[in-house]
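*Asks:* Residues in the sequence shown are numbered consecutively from -11, following the working numbering.
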Amino acid sequence: MTRRQGNHGAEAGPGRRRLRRVGVALLLVYGAVAWLSFSFRYGEGHRERPILLVLGLLTLAWAAYALALATVLRRRERTCGGQGGRLLLVVGFAAAYRLVLLPSVPIQEIDYYRYLWDGRVLLAGVSPFRLAPAEVDRLGPSAGEGAPAGVLWRLSRSSEAVRTIFERVHHREVPTVYPPMAQVVFAASALVTPAGAPLWAHVLVLKAILIGFDLGTLLLLVLLLRRLNLPEEWSLAYGWCPLVLKEVANTGHLDAIAVFFTALAITCLVGIGGRRSRGDERARPRLGMAALGLAVLAKSYPIILLPLVSTFLAARIRRRAVVPLLVFAAVIAAGYLPFLAGPVADGGESAHHPWSGLGTFLSRWQKNDFLFMLVHENLRPPLGDRPDHWFVVVPAAWRSSLHRAAGFGPPGWTGPDRHEPAFLLAQAVMGLVLMALVARWCVRVARRPGPEELLRSVALVLVWGWLLSSTPHPWYLTWCIPFLVFERRRSWFLLPGLAMAYYLRFALEYHALGGGEAAVEAALHRFDYGAVWWEYLPFFAALLAESCWSQRPRRRTIPSGWRNRSGRVPQLPSDGAYGRANPDPSEGPADGVEGSTV
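(1) Can you tell which of 51, 18 and 173 has the C-alpha that lies nearest to the C-alpha of residue 283?
(2) Can you confirm whether the segment 433 to 450 touches the segment 293 to 309 when touching is taken to mean that 3 or more C-beta pairs between the two stretches lie within less than 8 Å?
(3) Please go through the same chain and pick out, in chain order, the residues whose beta-carbon is closer than 8 Å to the beta-carbon of residue 391, but skip the five residues on each side of it.
(4) Kindly list the residues whose CB is nearer than 6 Å to the CB of residue 480, restricted to its own chain and excluding five residues on each side of it in sequence; keep chain order.
(5) Buried or exposed for residue 115, going by 16 or more other Cβ atoms inside 10 Å?
(6) Do residue 470 and residue 209 count as a contact pair if the criterion is CB distance below 9 Å?
(7) In the DSSP assignment, find the unbroken alpha helix (DSSP H) run with residue 258 in it and report its ends.
(8) In angstroms with no decimal places, state the Cα-to-Cα distance between residue 260 and residue 271.
(9) Which of helix, strand or coil does DSSP assign to residue 587?
(10) Between which two residues does the alpha helix (DSSP H) carrying residue 98 extend?
(11) Shortest alpha-carbon distance to residue 358 belongs to which of 6, 7 and 452?
(12) In the structure shown, what three-state DSSP assignment does residue 207 receive?
(13) Report the CB separation of residue 274 from residue 311 in whole angstroms; it is logged as a contact under 8 Å.
(14) Could you check which residue in 180, 200, 254 and 241 has the C-alpha nearest to that of residue 213?
(15) Distance check for residue 49 and residue 531, CA to CA, integer angstroms please.
(16) So, are the CB atoms of residue 108 and residue 162 less than 9 Å apart?
(17) So for residue 371, helix, strand or coil by DSSP?
(18) Am I right that residue 415 and residue 458 are in contact with their C-beta atoms under 8 Å? What's the rounded C-beta distance?
(19) How many angstroms separate the CA atom of residue 551 from the CA atom of residue 42?
(20) If you draw a straight line from the C-alpha of residue 418 to the C-alpha of residue 454, how long is it?
(21) Among the candidates 128, 33, 59 and 224, whose CA atom is the shortest distance from the CA of residue 76?
(22) So, at 7 Å on beta carbons, what are the nonlocal neighbours of residue 432 in its own chain, with the 5 sequence-adjacent residues on each side left out?
(23) Quick check on DSSP: helix, strand or coil for residue 168?
(24) According to DSSP, simplified to helix, strand and coil, what is residue 378?
(25) Count the C-beta pairs between the segment 139 to 158 and the segment 171 to 190 that are closer than 8 Å, then say yes if the count reaches three, no if not.
(26) Closer than 6 Å by C-beta to residue 248: which residues in its own chain qualify, once you throw out the five before and the five after it? Chain order, please.
(27) Which residues in the same chain have their Cβ closer than 6 Å to the Cβ of residue 154, if we skip the five residues on either side of it in sequence?
(28) Would you mind working out which of 294, 91 and 139 sits nearest residue 192, comparing C-alpha positions?
(29) On the CB-based measure, 16 or more other CB atoms within 10 Å of its CB, does residue 30 come out buried or exposed?
(30) If you pair each beta-carbon of the segment 351 to 367 with each one of the segment 517 to 528, do three or more pairs fall below 8 Å?
(31) Would you call residue 74 buried or exposed, if buried means 16 or more other Cβ atoms sit within 10 Å of its Cβ?
(32) DSSP three-state call for residue 490: helix, strand or coil?
(33) Should residue 495 go down as buried or exposed, given a rule of 16 or more other Cβ atoms within 10 Å for buried?
(34) Are the CB atoms of residue 198 and residue 85 within a distance shorter than 9 Å?
(35) Less than 7 Å between C-beta atoms, sequence neighbours within five positions excluded: which residues of the same chain meet that for residue 412?
(36) Under 9 Å, do residue 142 and residue 128 count as touching if we go by C-beta distance?
In structure tokens:
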């Protein structure tokens, strides 16, 4: 046994024991969260809900997760000793956490009712994009037997569970925003769940399917790490993440579908250029872009990765990149084509196209934002007698002139959407910022088109897309978590812990319920313009500090055994932050021995 293997073997025991202890502690925490979830009954006992207790447990889980993550990230390379045992611990506990949370009641989220309803609608042969639930309420009772509104009205009364699902769909006036691939998964859940089954069975089946995608992402991350010769136990960064567990295993968010296909796409693409057969070399880019197309069909956000992966393909395979890009376009077209039969009037109301709901979402919805809020408030016109927030630095006259110059309406315009132009301007500003960042990382990938640079850039594009969004919900952050482990800065892992502060908004709202509508509005205002600073500022401070620290001059430590016979130090292998598993024996003893500083 080499000295390298011996040292790692000595470290494996304590590291494995620590992981086991943390894993057991987390299992108890998630068991407690699952038990407390049954206090969150739909429409009941809002003020009695143990939101703060659940948040405390999730914060404790994040602290334990950070300890476990620090343990596994100490190893910068794959080794033979202890690797399989640690990976088994990571994957085993990850599966156990999801199993514990599977039967739990979704905490402070009801999006899954829309998923369940959309699945029933598609299974009934009607496009979920066609009619909003509110239109079914209005048109259904008087619609003809074969009319879509009539079909959906009768569907909503087909069983007690389906009726409950339909009545609990929120944002009823908006047609579904979820793309075709997500609709197929929802329909699959409806297909295997009888309409007459109890409501909990409908939810359980849907969550089980989403957890399947979630575990698939974990296994793809293991494969990615193995392909890059990195420790497979780093997959703990995703598998044990409390935010992922809360938002998928407990809440049942559909983002798990898109995350899986995005991870599949990147896994295929990083294998391009290896020592493989010509047929395999042609298949990988096509499979990767087909998977990226399915990711966009599951949720639209992966489209922001298209410039990055296109640059990577062009740098790696040159002109042959055209075919994979055509495959991507064909998958998107094939996914939407069945839903694009022209809108047909139904009872005097026009049917919607597949992007109607998404357009409403992008042009109006805003919650839990920080960077977007700063820009938005600095673009809003003066609000009458109401003073501006302390962080508004753009003069009121400039903001009014901007709106008049943009043609958004006369100065006296006081309609219900008076401040929507500021929202659209803020969206444009943040979109331009994101485009500039994406362009920067595309240049980096073009100059160094290696797997490490691609993975690092994917992580940065996704996380900055989240930070610049008008709706950075916690479950949207799960998009980037599988890739954060490839980014050198570890302050990114603060975000999954801090993002759960979003649920404080509900605690403040419910606490103010007894004071009337004005008290509730004041409580929400305190969160939207006050608490979010504490949600985001610690992260930005840590990121700035880590970035400054990483720029400091460093002394490089070279193992003394690596000096050649002439006494000179040979050039270090350019492995960056990733290390290697097996050094060339001709280079001298492995690291882990005493070193000298140069």
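For each residue, glycine too, the CB sits at the ideal point set by N, CA and C.
*Replies:* Reading from the atomic positions:
(1) 173
(2) yes
(3) 369, 397, 409 and 410
(4) 472
(5) buried
(6) yes
(7) 243 to 258
(8) 9 Å
(9) Past the edges of the chain, shown from -11 to 586, lies residue 587, and the structure says nothing about it.
(10) That residue, residue 98, is in no alpha helix (DSSP H); it is neither H nor E in DSSP.
(11) 452
(12) helix
(13) 7 Å
(14) 254
(15) 22 Å
(16) no
(17) strand
(18) 7 Å
(19) Low per-residue confidence applies at residue 551: pLDDT is 42, beneath 50, and the placement is therefore not dependable, though the value from the model is reported in the following sentence. Taking the straight line from one Cα to the other gives about 56 Å.
(20) 11 Å
(21) 224
(22) 441 and 445
(23) helix
(24) coil
(25) yes
(26) 201, 204 and 205
(27) 105 and 144
(28) 91
(29) exposed
(30) yes
(31) buried
(32) helix
(33) buried
(34) no
(35) 351
(36) yes
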